Amino acid sequence: MIRKAVLPVAGFGTRCLPASKAIPKEMITIVDRPVIQYVVNEAVAAGIRDIVLVTHASKSAIENHFDKHFELEASLEAKDKQDLLDELRAIVPEDVNIISVRQPEPLGLGHAVLCARPVIGDDEPFAVLLPDVLVDDDGLEHNDLAGMIEAFEASGRSQLMVEEVPWENVHKYGIVDPRGGAPSAGESCPLNGVVEKPSRDEAPSNLAVIGRYILPGSIFALLAKTPPAPAMRSSSPMPSRRCARPMASTPGECGARPMTAAISSAISKPPWSMAAATRASARAFAHSSPAIASRSNRHATRDSWK
């Protein structure tokens, strides 16, 4: 069973300025909790128990959010505010560990994942969740990340979540080349490779990588051989390393509802009904799908802020 996950949170969040100037973009609130909380909840619901935050010196607010606040808890207890106290203590379940490691400088997603190597180790698979992607798991028997884990355990192949995007937008994403055609929602298929931001004419499909991966520990040796570069986009070199031999990958089509809004625009102009202002409606702002080339049970959505 996969128990560890890496959440890269060291980026500056420039696409979310000015909201992210004084606070990390991952701490921007959607309804009643920060974005990062939804992603952690997704991981925990899939069975993850060790969550590694790859952070930066400017992201202490994220670490503080998941740390104990004894004074606040004591104050709530003294005022008999049990509901709020229970909510506060539920941020990190008792059987879940939050571990922080530093990425000294932003050298891309591959380098961020590599920073977690001392915690994860080379001998066990793990999940990677990009915290600028929210997943709508309402109505699913289990969330798409759990489905990716099951697909990995059944096939032994690394998994990546994908979503169908309009053909006119394929140049914005890493696009997978599924072997034998695109998978059905909630299913997986073999993957030939990933093309980073292809033109419409060069794109092998319109299935975009959306920020959820299940990877073997052996990927660290591959990432260690890949020179980091300041100009490296966050999505590289992960796709190429994931698909490089001796690894085999499969993309999975997610089942979450597709949406085009970025987190930043969701804050000012939410794409879902906010009438009840519930957490369920917040989770409707989401996307998901597995990597072998598996499609999720609902439609996936990807936000564009990084």
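Each position in the sequence shown, counted from 1, maps to that position plus 103 in my numbering.
Backbone N, C-alpha and C define an ideal beta-carbon position, used for all residues, glycine too.
Computed from a predicted structure; not experimentally measured.
Expected contact under 8 angstroms - CB spacing of residue 78 and residue 138 to nearest Å: Nothing can be reported for residue 78, as the shown portion of the chain is limited to 104 through 409.
For residue 310 and residue 232, the rounded distance between their alpha carbons: Here residue 232 is taken as the residue at index 129 of the sequence shown, counted from 1. Here residue 310 is taken as the residue at index 207 of the sequence shown, counted from 1. Taking the Cα positions, residue 232 is about 18 angstroms away from residue 310.
Three CB pairs or more closer than 8 angstroms across the segment 144-151 and the segment 246-258: yes
Length of the line joining the Cα atoms of residue 218 and residue 205: One-based indexing of the sequence shown puts residue 218 at position 115. One-based indexing of the sequence shown puts residue 205 at position 102. Rounded to the nearest whole angstrom, the C-alpha separation of residue 218 and residue 205 is 7 angstroms.
C-beta atoms of residue 212 and residue 141 nearer than 8 angstroms: Residue numbering aside, residue 212 sits at position 109 when the sequence shown is read from its first letter. Residue numbering aside, residue 141 sits at position 38 when the sequence shown is read from its first letter. The answer is no: Cβ separation not under 8 angstroms.
Segment contact flag, the segment 170-178 with the segment 116-134, C-beta cutoff 8 angstroms, min 3 pairs: No: the two stretches stay apart, fewer than three of their Cβ pairs being nearer than 8 angstroms.
Any alpha helix (DSSP H) of 4 or more consecutive residues that is wholly inside the segment 120-196: 138-148, 163-168, 173-181 and 185-192
Reduced DSSP category for residue 280 - H, G, I as helix; E, B as strand; rest coil: Within the sequence shown, the letter at position 177 stands for residue 280. Strand at residue 280.
Residue 337 versus residue 173: straight-line alpha-carbon distance, rounded: As a first step, residue 337 must be located in the sequence shown, where it is residue number 234. As a first step, residue 173 must be located in the sequence shown, where it is residue number 70. Confidence is the limiting factor: at residue 337 the pLDDT is only 41, short of 50, which leaves the residue's position unreliable, though a coordinate-based value still follows. Their backbone Cα atoms lie some 36 angstroms apart in a straight line.
The segment 298-314 contacting the segment 275-289, beta-carbon criterion three pairs below 8 angstroms: yes
Neighbour-count burial assignment, residue 104, 16 or more Cβ in a 10 Å radius: Looking up residue 104 in the sequence shown gives position 1. Flag for residue 104 reads exposed.
Runs of beta strand (DSSP E) lying entirely within the segment 220-304, each at least 3 residues, in chain order: 229-232, 261-267, 277-281 and 294-299
Start-to-end residues for the beta strand (DSSP E) that takes in residue 108: Looking up residue 108 in the sequence shown gives position 5. 107-111 is the extent of the beta strand (DSSP E) around residue 108.
Helix, strand or coil at residue 213 according to DSSP, with G and I counted as helix: For the purposes of this step, residue 213 is identified with residue 110 of the sequence shown, where counting begins at 1. If DSSP states are grouped into helix, strand and coil, residue 213 belongs with the helices.
Cα-Cα separation, residue 202 to residue 155: For this step, residue 202 is matched to residue 99 along the sequence shown. For this step, residue 155 is matched to residue 52 along the sequence shown. Taking the straight line from one Cα to the other gives about 5 angstroms.
Buried versus exposed call for residue 167 [16 or more other C-beta atoms within 10 Å across all chains shown]: Here residue 167 refers to the residue found at position 64 of the sequence shown. Classification for residue 167: exposed.
Within 8 angstroms, strictly: CB atoms of residue 108 and residue 230: If you number the sequence shown from 1, residue 108 lands on position 5. If you number the sequence shown from 1, residue 230 lands on position 127. In this structure, residue 230 lies closer than 8 angstroms to residue 108 by Cβ.
Local conformation of residue 306 per DSSP, three classes: Against the sequence shown, residue 306 aligns to sequence position 203. Note: residue 306 maps to coil in three-state DSSP.
Burial state of residue 283 (16 or more Cβ within 10 Å): Counted from its first residue, the sequence shown places residue 283 at position 180. When all chains shown are included, residue 283 counts as exposed.
Test item: CB-CB of residue 115 and residue 234 under 8 angstroms: Within the sequence shown, the letter at position 12 stands for residue 115. Within the sequence shown, the letter at position 131 stands for residue 234. Contact flag unset, no.
Sequence-distant residues of its chain with Cβ nearer than 6 angstroms to residue 110 (five each side left out): For the purposes of this step, residue 110 is identified with residue 7 of the sequence shown, where counting begins at 1. Here the set comprises 156, 232 and 234.
Bounding residues of the alpha helix (DSSP H) (the contiguous stretch that carries residue 323): For the purposes of this step, residue 323 is taken as residue 220 along the sequence shown, with counting starting at 1. DSSP places residue 323 in the uninterrupted alpha helix (DSSP H) bounded by 322-327.
Euclidean distance between Cα positions of residue 303 and residue 295: Sequence index remark: in the sequence shown, residue 303 carries index 200 (1-based). Sequence index remark: in the sequence shown, residue 295 carries index 192 (1-based). Spanning the two alpha carbons is a distance of roughly 18 angstroms.
Residues near residue 223 in its chain [Cβ-Cβ closer than 8 angstroms; skip 5 each side]: Locating residue 223 in the sequence shown gives position 120, counting from the first residue. Correct list, in chain order: 107, 109, 155, 229, 320 and 323.
Unbroken beta strand (DSSP E) run spanning residue 204, endpoints: Locating residue 204 in the sequence shown gives position 101, where the first residue counts as 1. 200-205 is the extent of the beta strand (DSSP E) around residue 204.
Whether residue 290 touches residue 298 by CB criterion (8 angstroms): In the sequence shown, the residue the question calls residue 290 occupies position 187. In the sequence shown, the residue the question calls residue 298 occupies position 195. No, these two residues do not count as a Cβ contact at 8 angstroms.
Residue nearest to residue 263 in terms of C-alpha spacing, selected from 270, 269 and 286: To locate residue 263, count along the sequence shown from 1; it is residue 160. Taking only the C-alpha atoms, the option nearest residue 263 is 286.
Best match in 188, 187, 118 and 270 for proximity to residue 410 [C-alpha to C-alpha]: For the chain, the structure presents residues 104 to 409; residue 410 sits outside this window and is missing.
Backbone CA spacing between residue 252 and residue 198 [nearest angstrom]: Within the sequence shown, numbered from 1, the residue matching residue 252 stands at position 149. Within the sequence shown, numbered from 1, the residue matching residue 198 stands at position 95. Each residue's alpha carbon lies about 19 angstroms from the other.
Within 8 angstroms, strictly: CB atoms of residue 292 and residue 301: Walking along the sequence shown from the start, residue 292 turns up at place 189. Walking along the sequence shown from the start, residue 301 turns up at place 198. No; because the gap between Cβ atoms is not below 8 angstroms, this pair is not in contact.
Beta-carbon proximity list for residue 220, same chain, < 7 angstroms, skipping 5 on both sides: Mapped onto the sequence shown, residue 220 falls at position 117. Here the set comprises 323.
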